[in-house]
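Novice:
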């Protein structure tokens with residue numbers, strides 16, 4: 001007897017699902033359903049993470065209570081890099097695959113990444129002063145993160161200068177890909193050069209060198225901030241899709257009014 | 001448990017509190033600006049659709 005079996009899900013199916021999401025209408029529906037979950041999980045993780053970071057994690061034997069700055073400084077650094085990487089992938093989506101949502105994703109990600117880069121710089125300075133004796137030093141890690149923040153600002157400015165979204169998208173995509181060279185420089189700066197900033201202590205060969213009582217709050221907070229950033233990214237993407245729709249409708253309406261005015265004028 | 005609230009934040013309390021204040025201010029501002037932008041675009045779109053912009057007769061040669 002012939003038995004019908006369901007074909008196993010393959011790569012082509014996964015790609016088809018991604019292409020489905022490329023449709024802005026489907027994306028709006030999908031993101032509306034996903035947003036409450038992302039926001040809820042984010043609030044839960046941040047609440048648990050902050051409780052562990054402030055009330056359970058011990059003071060560091062060398063750095064004392066200032067170690068609590070690490071719980072926001074490190075996730076901010078990771079997210080600044082993650083969002084730039086997301087923008088670089090989106091840039092490829094714009095230039096290579098011409099994905100309709102790629103430049104929307106890229107534009108929405110820039111202010112979020114910039115905010116996390118700024119948080120990283122500020123909390124680093126507030127941590128540096130009591131531990132190193134200075135708010136700032138031009139070492140490779142600090143300087144390369146400052147460059148990342150400036151690249152973010154440049155990208156945001158370029159989006160605002162160019163009116164036409166698809167033209168702006170291509171220009172920003174090229175700038176984003178050029179700027180991506182800074183990402184591995186940031187990551188490996190502490191290995192390649194002699195820096196005041198300490199080497200990696202979580203994402204390193206041989207495993208984390210942080211005690212679990214500090215590592216767990218850090219990881220939970222990092223996950224909480226990541227969910228928050230992704231939720232904000234979805235909302236910003238939805239706003240950008242609506243902005244483009246408003247732009248198109250405004251142009252159509254202006255054309256209609258022009259035609260009506262032309263018809264009203266007697267020949 | 002470290003019992004941190006009873007022990008206090010030590011001699012560098014100002015730096016620790018400034019760090020968390022910066023996070024709250026920056027992320028609060030980001031959340032607010034994204035939420036306000038989303039609301040503004042939603043209202044603008046609703047107003048345009050209410051006026052009938054985008055209907056077929058708006059398109060040239062249709």
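Residue numbers (UniProt numbering), protein chains in the order written: chain A, 1 to 267; chain B, 1 to 62. We put the CB at the ideal spot given by N, CA and C, even for glycine. Model, not experiment: these values are computed from the prediction.
Tell me which same chain residues have a C-beta within less than 8 Å of the C-beta of residue 213 of chain A, skipping the five on either side of it?
Specialist: 56, 57 and 58, listed in sequence order.
Novice: Could you name the residues that DSSP lists as bridge partners for residue 60 of chain A?
Specialist: Residue 60 of chain A pairs with A:64.
Novice: Using a C-beta cutoff of 8 Å, does residue 129 of chain A count as contacting chain B?
Specialist: Yes, contact with chain B.
Novice: Interface residues of chain A around residue 42 of chain B at Cβ under 9 Å?
Specialist: Here the neighbours are 238, 239 and 242.
Novice: At the level of alpha carbons, what is the spacing between residue 16 of chain B and residue 121 of chain A?
Specialist: Rounded to the nearest angstrom, the two C-alpha atoms are 14 Å apart.
Novice: Going by alpha carbons, who is nearest to residue 64 of chain B out of A:176, A:131, A:246 and A:173?
Specialist: Past the boundaries of the shown model lies residue 64 of chain B; chain B is included only from 1 to 62, so the question cannot be answered.
Novice: Here's the rule I'm using: 16 or more other beta-carbon atoms within 10 Å means buried, otherwise exposed. How should residue 189 of chain A be labelled?
Specialist: It counts as buried.
Novice: Indicate the three-state DSSP secondary structure (helix, strand or coil) for residue 135 of chain A in the structure shown.
Specialist: Reduced to three states, the DSSP call for residue 135 of chain A is coil.
Novice: Could you have a look at residue 180 of chain A and say whether DSSP puts it in helix, strand or coil?
Specialist: Coil, per DSSP.
Novice: Could you check where the alpha helix (DSSP H) with residue 48 of chain B kicks off and where it finishes?
Specialist: Taken as a continuous stretch (DSSP letters only), the alpha helix (DSSP H) holding residue 48 of chain B covers 13-51.
Novice: Is DSSP giving residue 209 of chain A helix, strand or coil here?
Specialist: In the structure shown, residue 209 of chain A sits in coil (DSSP, three-state: anything other than H, G, I, E or B).
Novice: By the three-class DSSP mapping on this structure, what secondary structure does residue 98 of chain A have?
Specialist: Looking at residue 98 of chain A - three-state DSSP - the assignment turns out to be coil, as it is neither helix nor strand.
Novice: Whole angstroms is fine: what's the gap from residue 157 of chain A's alpha carbon to residue 128 of chain A's?
Specialist: Near 30 Å, if we compare the C-alpha coordinates of residue 128 of chain A and residue 157 of chain A.
Novice: Short check: CB of residue 274 of chain A to CB of residue 106 of chain A, under 8 Å?
Specialist: Limits of chain A in this structure are 1 at one end and 267 at the other, which puts residue 274 of chain A out of reach.
Novice: Shorter than 8 Å from the beta carbon of residue 32 of chain B to some beta carbon of chain A?
Specialist: No - not a single Cβ of chain A is within 8 Å of the one on residue 32 of chain B.
Novice: Within this structure, are the beta carbons of residue 240 of chain A and residue 108 of chain A separated by less than 8 Å?
Specialist: Their beta carbons are under 8 Å apart, which means residue 240 of chain A touches residue 108 of chain A by this criterion.
Novice: Using a Cβ cut-off of 9 Å, pull out every chain B residue sitting near residue 151 of chain A, in sequence order please.
Specialist: Residues of chain B passing the Cβ test: none, with the nearest at roughly 18 Å.
Novice: Starting from residue 90 of chain A, trace the alpha helix (DSSP H) both ways and give me its first and last residue.
Specialist: Looking at the DSSP string, the run of the alpha helix (DSSP H) that includes residue 90 of chain A is 70-92.
Novice: So that I know if they touch, is there some Cβ in chain B lying closer than 8 Å to that of residue 118 of chain A?
Specialist: Interface residue, yes.
Novice: Whole angstroms is fine: what's the gap from residue 152 of chain A's alpha carbon to residue 104 of chain A's?
Specialist: Going by the C-alpha atoms only, they are around 16 Å apart.
Novice: List the residues of chain A that residue 10 of chain B touches, going by C-beta distances under 7 Å, in chain order.
Specialist: Those are 64 and 65, listed as they occur along chain A.
Novice: I need the straight-line Cα distance from residue 53 of chain B to residue 119 of chain A, nearest angstrom please.
Specialist: When rounded, the distance between both Cα atoms is 42 Å.
Novice: Going along the chain, which residues of its own chain have a beta-carbon closer than 7 Å to the beta-carbon of residue 95 of chain A, five neighbours each way excluded?
Specialist: For residue 95 of chain A, where only same-chain residues beyond five positions count, the Cβ hits under 7 Å are 170 and 173.
Novice: Please confirm whether residue 161 of chain A has its beta-carbon closer than 8 Å to some beta-carbon of chain B.
Specialist: No, no contact with chain B.
Novice: So, is residue 61 of chain B buried or exposed, given that buried needs 16 or more other C-beta atoms within 10 angstroms?
Specialist: Here the model assigns residue 61 of chain B a pLDDT of 46, short of 50, so the residue's position is not dependable, and the following value carries that caveat. Residue 61 of chain B is exposed by the Cβ-count criterion.
Novice: Around the C-beta of residue 28 of chain B, are 16 or more other C-beta atoms found within 10 angstroms, so that it is buried, or is it exposed?
Specialist: With fewer than 16 Cβ atoms within 10 Å of its Cβ, residue 28 of chain B is classed as exposed.
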